[in-house]
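According to the numbering used here, the residues represented by the sequence shown are 18 to 381, in order.
Quick reminder that beta carbons are idealized off the backbone N, C-alpha and C, glycines included.
I have placed the structure first, in the form of structure tokens, so that the comments after it can refer back to it.
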Amino acid sequence: MLRLRKGFGSVRKLTGNRRNCYAVHPPTVKGVRPKALCYTDDYNIGVCVLNAWHNGKYYSGMELDLKERKLDEVVSTGSCTFQKVYEIYWDHKFGESAAKELSKSSRNGIHSAWLKLEDIWHRNMDEVTVMELQEIVNGVAKKYSKCTTGRVVGLIKRLYRYAIPRELCRKETGIYVEMPKVKEEEHHADFTDEEIAKLWSAADKADEQTAAMVKMILTMIYSGFRIGAWREMTVENDVFIGGVKTDAGKNRVVPIHSSITGFVAGMYGEFLCGKSESQFRRDMRRVLMEIEIDTDEKYHTPHSCRHTFHRLLEKAGVSEADRKRLMGHSLKGDITNGTYGHRSVEELKEQIEKIKIEKKKANS
């Protein structure tokens, strides 16, 4: 059963032995749940009704027409709606019988891409044309990043590749959707040594809230973790234990650089200043503008910290294999280091401490 996004409305399971056991409600208004649009015996039909309501296409009795249409289409074409296929695919990927346990960030990425396809949730997969799918993707590309657009394209292709051999649809329509050109703003640029020095200066001299943000940014610069890892980060014996995205990156150990030990201790396990990822991104942009590191034309993102960490390791003469270990990159293809090149925490600590702190540039 899919989780509906906030503000979308609800499909509520009613108690008791009812034939139409789902009540379909529009979004709440000032905390009050509006009267149900309709009642149905199928959760997916309820979601389709809500989608139509948001698009101004809902009419009384639609749930009955959808039920009849759904039965007719499945019988005549052997094809299911996107909603149904996504539910089956989601259970295949993340259910109890899933072949591999995927990370929370993977779940969030797939679900986020799915929300961008809400206009076709109720549509039969075989009735949607390549042009319609491409138009949706092109619309996403105009509003969102290349990464987000790529997730949407990837999800469409995966749904069709999953559905076709299981006879949930017949046409390979989604396989032919293409990734459009997406104009990416220049970001992820690493912090220069002069900019890092400015951060150190601000950590000492700025007001309490600004200093807290700056200390977190410096902590990210000297540890190299992705922003998504900080929500579940743990600290034990002066090492970070965390990581997301890849097998090599998950639950990796990164010794805490001596320069940020005090920062980490003062955070008491509450990283990102207690903010959500989106809030932290927003406040990071504001703070870096305030201390005159960023401008409207050139700015840094949380991922810039990861790029900077790699640059500092490389500048300090840390070997490629150890950089990969500390960054959480796979050693696949490097048989010698991948098989025999194990490192202790003490050895990794020695490598990370090769990064030298040049605070004096902040005053120049």
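(request) Could you say which of K332, F99, L330 lies nearest to T190 if we only look at CA atoms? (result) F99
(message) Taking the alpha-carbon of C55 as reference, which of G78, V281, L172 has the nearest alpha-carbon?
(response) G78
(request) Answer yes or no: do V169 and K110 have a C-beta to C-beta separation smaller than 8 angstroms? (result) no
(message) Quick check on G259: does DSSP put it in helix, strand or coil?
(response) strand
(message) Taking its Cβ as the centre, do 16 or more other Cβ atoms sit within 10 Å of L67, making it buried, or is it exposed?
(response) buried
(request) Whole angstroms is fine: what's the gap from C322's alpha carbon to S240's? (result) 9 angstroms
(request) Can you tell me which of P182, I308, F297 puts its alpha carbon nearest to the alpha carbon of L216? (result) I308
(request) Flag this pair as yes or no: are the beta carbons of A40 and R29 separated by less than 8 angstroms? (result) yes
(message) By alpha-carbon positions, which one of G126, N125, E152 ends up nearest to D136?
(response) E152
(message) In whole angstroms, give me the CA-to-CA distance for V362 and P319.
(response) 26 angstroms
(message) Considering Cα atoms alone, identify which of K222, C164, K373 is closest to V335.
(response) K373
(request) Give a yes or no on contact between the stretch 219-234 and the stretch 280-293, applying the rule of three or more CB pairs nearer than 8 angstroms. (result) yes
(request) Please name the residue, chosen from N72, S123, D59, that lies closest to A246 on a Cα-to-Cα basis. (result) S123
(request) Given a cut-off of 8 angstroms, decide if V102 and M142 are closer than it, judged by their beta-carbon atoms. (result) yes
(request) Quick one: which unbroken alpha helix (DSSP H) runs of 4-plus residues sit fully inside the stretch 237-322? Chain order, please. (result) 278-284, 294-307
(request) Could you tell me which residues DSSP puts in a beta bridge with K332? (result) For K332, which the question treats as bridged, DSSP gives no partner whatsoever.
(message) Need the endpoints of the beta strand (DSSP E) that K30 sits in, please.
(response) 27-30
(message) If you measure between the beta carbons of T146 and V157, is that distance less than 8 angstroms?
(response) no
(message) In whole angstroms, give me the CA-to-CA distance for L343 and V270.
(response) 8 angstroms
(message) With a threshold of 8 angstroms on Cβ separation, who are the neighbours of R298 within its own chain once the five nearest residues in sequence on each side are excluded?
(response) I244, T318, P319
(request) To the nearest angstrom, report how far apart E118 and H128 are at their CA atoms. (result) 16 angstroms
(message) Let me confirm a value: G73 is counted as buried when at least 16 other C-beta atoms fall within 10 Å, else exposed. Which label applies?
(response) exposed
(message) Given this structure, state the Cα-to-Cα distance separating C186 from N125, to the nearest angstrom.
(response) 26 angstroms
(message) According to DSSP, V49 sits in a beta bridge with which residue or residues?
(response) V46
(message) Using a 10 Å radius around the Cβ and a threshold of 16 neighbouring Cβ atoms, would you call E253 buried or exposed?
(response) exposed
(message) Output needed for D207: all residues of its chain with C-beta closer than 7 angstroms, excluding positions within five of it in sequence on either side, in chain order.
(response) S321, H324, T325, R328
(request) Can you give me the Cβ contacts of W138 inside the same chain, cut-off strictly under 6 angstroms, excluding the 5 residues immediately before and after it? (result) N68, F99, Q100
(request) Classify M237 as buried or exposed, calling it buried when 16 or more other Cβ atoms lie within 10 Å of its own Cβ. (result) buried
(request) Leaving out five residues on either side along the sequence, give the residues of the same chain with a beta carbon under 6 angstroms from the beta carbon of L365. (result) P272
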